[in-house]
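What follows is one structure encoded as structure tokens, with my remarks underneath.
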Amino acid sequence: MQVNGQAYRSIWLAADGVGVEIIDQTRLPFRFEVVRLERLEEATSAISRMLVRGAPLIGATAAYGLCLGLRQATGSQALEEMARQLIACRPTAVNLRWAVERMLRCLLPLSEERRLAAAYREAGRICEEDVATNEAIGRHGLSLIRELWQRKKAGEAVNILTHCNAGWLATVDWGTALAPVYAAAAAGIPIHVWVDETRPRNQGASLTAWELVAAGIPHHLLVDNAGGHLMQHGRVDLCIVGTDRTTASGDVCNKIGTYLKALAARDNGVPFYVALPGSTVDWTVDDGVMEIPIEERGTEEVLRVQGEDDSGTLRIVAIAPAATPAVNPAFDVTPARLVTGLITERGICPASREGLRGLYPEQGQ
Ligand code: MRU
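The letter at position 124 of the sequence shown is residue 124 when you use our numbering, and the numbering goes up by one with no holes.
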């Protein structure tokens with residue numbers, strides 16, 4: 001996507017073909033800073049500290065992290081240890097495990113001398129496939145938006161509510177939930193996005209809003225609790241969110257607060273869609289609420305917020321008494337019954353075992 005007239009992806013191989021470059025997402029929307037990763041530890045730190053975040057981008061970063069690690073150490077044991085370290089960085093988004101396991105499947109059978117070049121090739125493929133996958137999600141999601149638009153009065157925009165950031169910054173390019181939004185804008189369909197701020201880290205306010213400003217797409221930011229009210233008043237036509245892990249039965253784990261939006265959508269008859277690549281489905285898990293590990297992050301994310309003051313200085317300020325304890329579950333699970341449909345790179349299906357198996361028959365029983 002374009003940033004100040006220049007095309008960017010969220011991760012890329014540096015010009016020297018060795019280092020890996022990312023955008024430090026903890027500094028957006030106030031600073032646009034590119035960071036170069038050269039060592040495995042820098043990749044694990046970028047994932048854990050959320051310089052990169054979003055399920056597909058975490059996977060892509062981990063794939064390149066293994067390339068960097070292979071420059072530091074060789075041997076299958078070392079490779080497997082690096083894989084363990086990367087997978088442990090964030091427990092919920094399954095794309096991380098998916099990408100690392102794919103890299104291991106590619107690398108372990110090879111001789112030592114061939115591994116490094118093969119690793120860079122495979123990580124590059126993971127990135128290219130992610131871009132193509134998300135473009136396809138955009139095309140399928142566009143059909144939904146077009147259908148809603150055709151039912152609107154002339155000149156009226158389709159109002160789409162999204163939670164967290166599932167735009168290009170969360171993937172290698174295009175995004176998942178925002179890919180249909182970008183496709184609709186490109187097709188000339190008038191759209192307007194309601195952006196949930198997404199406490200505690202405010203990915204909606206800092207990342208989704210930044211993406212939409214850059215793309216010139218009309219939007220408004222709202223506090224997380226406002227969505228239900230807007231739905232009651234007919235101001236939301238469609239919800240589209242991303243997901244960090246979707247079970248084989250269609251339960252959807254996504255950023256904390258997604259479940260409440262799905263409940264409000266169901267109560268108000270608003271279609272609630274989830275956009276995802278096949279790599280986000282965890283075929284080994286059935287019951288999302290009981291089986292998906294939910295990342296618990298530091299309570300400082302709840303007790304403090306980061307922002308820019310009027311002098312342009314980035315500051316972190318406390319918002320609660322110093323003695324107040326907090327909890328910080330980073331994700332929640334929306335049961336399949338509340339999800340209208342899943343928008344994948346292979347088409348749209350019901351959020352159910354049958355729906356997913358219909359699109360991914362190779363996953364067997
Ligand atoms: O904690 P984050 O910022 O990594 O969480 C991101 C989300 O929850 C996204 O909605 C999800 O990863 C889908 S991204 C295409």
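Quick reminder that beta carbons are idealized off the backbone N, C-alpha and C, glycines included.
Asked: Any heavy atom of the ligand MRU closer than 7 angstroms to the beta-carbon of ALA379?; Found: Shown here, the chain extends from 1 to 365; a query on residue 379 therefore has no answer.
Asked: So LYS261 is in the alpha helix (DSSP H); what residue range does that whole segment cover?; Found: 258-267
Asked: When you measure from the CB of LYS255 to every non-hydrogen atom of the ligand MRU, does any distance come out below 7 angstroms?; Found: yes
Asked: Restricting to Cα atoms, I'd like to know which of GLN2, GLU21, TRP12 and PHE30 is closest to ASP310.; Found: PHE30
Asked: Looking only at its chain, what residues have a beta carbon closer than 7 angstroms to the beta carbon of ARG199, apart from the 5 residues adjacent to it on each side?; Found: ASP224
Asked: Closest to LEU148 by CA distance: which of VAL131, THR133, ALA184 and GLY175 is it?; Found: ALA184
Asked: Are the region 211-231 and the region 136-148 touching by the rule of at least three beta carbon pairs closer than 8 angstroms?; Found: no
Asked: Hey, how far is the Cα of ASN134 from the Cα of THR176?; Found: 6 angstroms
Asked: Run through DSSP, which three-state label would ILE189 get?; Found: coil
Asked: Where does THR246 land, buried or exposed, given buried means 16+ other C-beta within 10 angstroms?; Found: buried
Asked: For the structure I just gave you, are there three or more beta carbon pairs, one from the region 220-240 and one from the region 195-210, closer than 8 angstroms?; Found: yes
Asked: Can you tell me whether DSSP reads THR280 as helix, strand or coil?; Found: helix
Asked: Considering only residues of the region 103-185, which uninterrupted alpha helix (DSSP H) runs meet the minimum length of 4 residues and lie entirely inside it, listed in chain order?; Found: 112-150
Asked: Considering only residues of the same chain and omitting the five flanking positions on each side of CYS379, which have a CB-CB separation below 8 angstroms?; Found: Outside the shown range of the chain, which is 1 to 365, sits residue 379, and nothing can be said about it.
Asked: Any heavy atom of the ligand MRU closer than 7 angstroms to the Cβ of ASP224?; Found: no
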